[in-house]
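Numbering (full-length UniProt numbering), first residue to last: 1 to 129.
Shown next, in structure tokens, is the structure this report addresses.
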């Protein structure tokens, strides 16, 4: 039986990486991608590849609940660029509470700086010993 995994930020760097990995095991998972723009080129490509894409504003907890309904697991990230006055904290709270409310069994979140800096080697990582 294939279980449903929801990926927040499906058309971003982190979310798309998770989806690419899950697609390799499409016999085990149904994938629902969460995006703010269903018309984006990558969203349309994911739809063609069998990912169920859903528009969801993670600043709205009820929209998150609807997007997470039926999910076995969620991979969640916040969106600095679309945060309200409550910031990413409010988004994270909405995501966690929505997952709790609809009984998601596994919730994974990621919090790292803008990944574009990694691609251009612009991110300095201090050496700790």
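Yeah, the Cβ is synthetic: ideal placement off N, Cα and C, and Gly gets one too.
Just so it is clear, the structure is predicted and the values come from calculations on it, not from any experiment.
Applying the 10 Å Cβ sphere with the 16-neighbour rule, what's the burial state of residue i?
i          : result
residue 59 : buried
residue 1  : exposed
residue 5  : buried
Taking the C-alpha atoms as reference points, what is the distance between residue i and residue j?
i           : j          : result
residue 129 : residue 13 : Residue placement at residue 129 cannot be trusted, given a pLDDT of 49 that sits under 50; what the coordinates show is reported in the next sentence. The alpha-carbon atoms of residue 129 and residue 13 are separated by roughly 30 Å.
residue 134 : residue 39 : One cannot answer for residue 134 here, as it falls past the ends of the chain, which runs 1 to 129.
residue 35  : residue 27 : 23 Å
residue 90  : residue 31 : 25 Å
residue 57  : residue 43 : 15 Å
residue 62  : residue 76 : 16 Å
residue 99  : residue 54 : 16 Å
residue 67  : residue 95 : 10 Å
residue 109 : residue 92 : 9 Å
residue 37  : residue 69 : 20 Å
Can you find a CB in chain D that lies within less than 8 Å of the CB of residue i?
i           : result
residue 111 : In summary, chain D is missing from the structure at hand, where a single protein chain is found.
Quick one: residues in its chain with C-beta nearer than 8 Å to the C-beta of residue i, no 5 flanking neighbours on either side, listed in chain order?
i           : result
residue 49  : 23
residue 106 : 72, 73, 74
residue 51  : 10, 19, 23, 31, 32, 33
Quick one: residues in its chain with C-beta nearer than 6 Å to the C-beta of residue i, no 5 flanking neighbours on either side, listed in chain order?
i          : result
residue 15 : 7, 9
Inset, instruction - Could you pull out every unbroken alpha helix (DSSP H) segment of at least 4 residues lying fully inside the UniProt domain "NmrA-like" (3-126), listed in chain order? - result: 13-23, 41-48, 61-68, 87-101, 116-119
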